[in-house]
Amino acid sequence: MHSLFLTHSSIITALSSSLFNSQTMPDHFNAPFRRLAIGNRDEFTQPGAIKAAVAEFISTLIFVFAGSGAGIAYNSLTGDGPASPAGLISASIAHAFGLFVAVAISANISGGHVNPAVTFGLFVGGNITLFRGILYIIAQLLGSAAASALLIFVTGLAVPTFGVAGISVWSAFVFEIVATFGLVYTVYATAVDPKKGEIGIIAPIAIGLIVGANIFAAGPFTGAAMNPAVAFGPALVGFSWANHWIYWAGPLIGGGIAGVVYEVFFISHSHEPLSEF
Numbered sequence: 269m270h271s272l273f274l275t276h277s278s279i280i281t282a283l284s285s286s287l288f289n290s291q292t293m294p295d296h297f298n299a300p301f302r303r304l305a306i307g308n309r310d311e312f313t314q315p316g317a318i319k320a321a322v323a324e325f326i327s328t329l330i331f332v333f334a335g336s337g338a339g340i341a342y343n344s345l346t347g348d349g350p351a352s353p354a355g356l357i358s359a360s361i362a363h364a365f366g367l368f369v370a371v372a373i374s375a376n377i378s379g380g381h382v383n384p385a386v387t388f389g390l391f392v393g394g395n396i397t398l399f400r401g402i403l404y405i406i407a408q409l410l411g412s413a414a415a416s417a418l419l420i421f422v423t424g425l426a427v428p429t430f431g432v433a434g435i436s437v438w439s440a441f442v443f444e445i446v447a448t449f450g451l452v453y454t455v456y457a458t459a460v461d462p463k464k465g466e467i468g469i470i471a472p473i474a475i476g477l478i479v480g481a482n483i484f485a486a487g488p489f490t491g492a493a494m495n496p497a498v499a500f501g502p503a504l505v506g507f508s509w510a511n512h513w514i515y516w517a518g519p520l521i522g523g524g525i526a527g528v529v530y531e532v533f534f535i536s537h538s539h540e541p542l543s544e545f
């Protein structure tokens, strides 16, 4: 059981090795938009970047296969699906554990993004180059599509897609922004912040738990994607694109805001750890 948890040093190395270390600003506030890095096209062919992209593909495939597969299994067993409280609990637990594992197994290779919104939030904060970010996002989308296709192949059943229920489209849009903000903020606090200390050990667990908690809150209304890749795969194989823009715009905006907020207010030369109580 202990082997499932990354050591402190491996977490720090894993979640920083693939991130782009751009120049630190001399001001007492960081300026993330001034730290944006384009990178170069050679990153598309660098062995390290390709390995990282493959890791993102595999981890996203595992996450979507587990999360969406749990939904298919619950529907098959009960006929109630996620519309019932038990279905909501099932979805929350499956996604929380699935993401915990997906982040942990790819952290040493790619940083364990498993989500275009996380990748975008790190790019906005100046922590990854644009070219590497694009490579990651392509891999994440392909991983989700592959997982969805595999689920159809092995079950013969439709993969659940994300949709809006009980609230307006714009309310769903805001829901996805806020939920993804919480997710990416958690990523920054537990995995990116150079002063995270021992909290880095629990980064995969914390990231999985915030997703599970947000599914409890937003699941009945939007499906609580918080991840464009998670929504993309099922939509692609099911040819269901109704309100699909919500699951791109909302998470990307929420992730971007989280990256800016954390970089500006908490990752700076003036940031000091809180004193002990």
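Positions in the sequence shown are counted from 1; adding 268 to them yields this note's numbering.
By construction, the Cβ of each residue, glycine as well, lies at the ideal position given by its N, Cα and C atoms.
All of these numbers come straight from a predicted model, not from anything done at the bench.
Anyone know if the C-beta pair for Pro359 and Tyr342 falls short of 9 Å?
-> Here residue 359 corresponds to residue number 91 of the sequence shown, with the count starting at 1. Here residue 342 corresponds to residue number 74 of the sequence shown, with the count starting at 1. Here residue 359 turns out to be Ala, not Pro, going by the sequence shown. It is a contact, given that the beta carbons lie within the stated cut-off.
C-alpha gap between Ala415 and Tyr453, whole angstroms = Position 147 of the sequence shown, counted from the first residue, corresponds to residue 415. Position 185 of the sequence shown, counted from the first residue, corresponds to residue 453. Taking the straight line from one Cα to the other gives about 27 Å.
When Met494, Gly307 and Ala497 are compared against Phe391, the one with the closest alpha-carbon = Locating residue 391 in the sequence shown gives position 123, counting from the first residue. Out of Met494, Gly307 and Ala497, Gly307 has the C-alpha closest to the C-alpha of Phe391.
If we count the other Cβ atoms within 10 Å of its Cβ and call it buried at 16 or more, is Pro294 buried or exposed?
-> Taking the sequence shown and counting its residues from 1, one reaches residue 294 at position 26. Below a pLDDT of 50, predicted positions are generally treated as unreliable, and Pro294, at 40, falls in that range; the measurement from the model is reported next regardless. Label assigned to Pro294: exposed.
Taking only the alpha-carbon atoms, compute the straight-line gap between Ile373 and Ala440 and give it to the nearest angstrom.
-> Working through the sequence shown from its first residue, we reach residue 373 at position 105. Working through the sequence shown from its first residue, we reach residue 440 at position 172. Going by the C-alpha atoms only, they are around 31 Å apart.
Can you grab the Cα-Cα spacing for the pair Tyr530 / Lys319, in whole Å?
-> Residue numbering aside, residue 530 sits at position 262 when the sequence shown is read from its first letter. Residue numbering aside, residue 319 sits at position 51 when the sequence shown is read from its first letter. Taking the straight line from one Cα to the other gives about 28 Å.
Reduced DSSP secondary structure (H/G/I, E/B, other) of Ser412 | Numbered from its first residue, the sequence shown carries residue 412 at position 144. Note: Ser412 maps to helix in three-state DSSP.
Using the beta-carbon count (16 or more within 10 Å), is Gly335 buried or exposed?
-> Walking along the sequence shown from the start, residue 335 turns up at place 67. Residue environment analysis places Gly335 among the buried positions, since at least 16 neighbouring C-beta atoms fall within 10 angstroms of its C-beta.
Can you give the beta carbon distance from Thr448 to Gly518, rounded, assuming they're within the 8 Å contact cut?
-> Along the sequence shown, one-based indexing puts residue 448 at 180. Along the sequence shown, one-based indexing puts residue 518 at 250. Confirmed, Cβ separation roughly 6 Å.
8 Å contact criterion, which Leu520 and Pro502 should meet: CB distance rounded | The residue you call residue 520 lines up with position 252 of the sequence shown. The residue you call residue 502 lines up with position 234 of the sequence shown. Incorrect: roughly 18 Å between the Cβ atoms, too far for contact.
Mind checking which residues open and close the alpha helix (DSSP H) that includes Phe312?
-> Position 44 of the sequence shown, counting from 1, holds the residue named residue 312. For Phe312, no alpha helix (DSSP H) encloses it, and the DSSP letter there is neither H nor E.
For His512, which of helix, strand or coil comes out of DSSP?
-> The residue labelled residue 512 in the question sits at position 244 within the sequence shown. Of the three classes helix, strand and coil, the one that applies to His512 here is coil, per DSSP.
So Phe325 packs on Gly523, CB below 8 Å; how close in whole Å?
-> Taking the first residue of the sequence shown as 1, we reach residue 325 at position 57. Taking the first residue of the sequence shown as 1, we reach residue 523 at position 255. Under the criterion of beta carbons closer than 8 Å, Phe325 and Gly523 do not qualify as touching, at roughly 20 Å.
Just mark Arg309 as buried or exposed, buried being the case when its beta carbon has 16 or more other beta carbons within 10 Å.
-> Translated into positions along the sequence shown, residue 309 becomes position 41. An exposed status is given to Arg309, since fewer than 16 other beta-carbon atoms sit within 10 Å of its beta-carbon.
Determine the direct distance from the alpha carbon of Val432 to that of Ala492, and round the result to whole angstroms.
-> Numbered from its first residue, the sequence shown carries residue 492 at position 224. Numbered from its first residue, the sequence shown carries residue 432 at position 164. Going by C-alpha positions, Ala492 is about 10 Å away from Val432.
Entirely within the region 412-455 and at least 4 residues each: give me those alpha helix (DSSP H) ranges in chain order.
-> Runs of the alpha helix (DSSP H) lying entirely within the region 412-455 and spanning at least 4 residues, in chain order: 437-455.
If Ser412 and Val332 are in contact, beta carbons under 8 Å, what's the gap, nearest whole angstrom?
-> Mapped onto the sequence shown, residue 412 falls at position 144. Mapped onto the sequence shown, residue 332 falls at position 64. Indeed, because the Cβ distance is near 5 Å, the residues count as touching under 8 Å.
Looking only at its own chain, which residues have a Cβ that is under 6 Å from the Cβ of Phe368, when we skip the five neighbours before and after it?
-> One-based indexing of the sequence shown puts residue 368 at position 100. If we look at Phe368 and ignore the five residues flanking it on each side, its Cβ neighbours are Pro472, Ile473 and Gly476.
Same chain, Cβ closer than 8 Å to Glu311, neighbours up to 5 away in sequence not counted | As a working note, residue 311 is residue 43 in the sequence shown. Non-local beta-carbon contacts of Glu311 in its own chain, meaning distances under 8 Å to residues more than five positions away in sequence, involve Ala317, Thr397, Phe399, Arg400 and Leu403 in chain order.
Closest Cα partner of Val371 within the set Gly337, Ala323, Ser344 and Gly355 | Counting from one through the sequence shown, the residue named residue 371 turns up at place 103. Nearest of Gly337, Ala323, Ser344 and Gly355 to Val371, Cα basis: Ala323.
Which residue's Cα is closest to the Cα of Ser327: Ile470, His381 and Ala338?
-> For this step, residue 327 is matched to residue 59 along the sequence shown. Selection Ile470, His381 and Ala338 evaluated against Ser327 yields His381 as nearest (Cα-Cα).
Tell me which same chain residues have a C-beta within less than 6 Å of the C-beta of Gly527, skipping the five on either side of it?
-> On the sequence shown, residue 527 is found 259 positions in, with the first residue counted as 1. Only residues of its own chain outside the window of five on either side were considered, and among them Gly389, Val392 and Gly393 have a CB closer than 6 Å to the CB of Gly527, listed in chain order.
Candidates Asn395, Gly480, Ser344 and Phe443: which alpha carbon is nearest Ala305's?
-> By 1-based counting over the sequence shown, the position of residue 305 is 37. With distances taken between CA atoms, Ala305 lies nearest to Asn395 out of Asn395, Gly480, Ser344 and Phe443.
Neighbourhood of Phe489 by C-beta, 8 Å cutoff - its chain only, sequence neighbours within 5 removed | As a first step, residue 489 is located in the sequence shown; it is residue number 221 there, counting from the start. Apart from the 5 residues on each side of it in sequence, Phe489 sits with its Cβ closer than 8 Å to the Cβ of Val432, Ala433, Gly434, Ile435, Ser439, Ala440 and Phe443 in its chain, given in chain order.
Is it buried or exposed for Ala510, if we count other Cβ within 10 angstroms and need 16 for buried?
-> In the sequence shown, residue 510 corresponds to position 242, counting from 1. With fewer than 16 other Cβ atoms within 10 Å, it is exposed.
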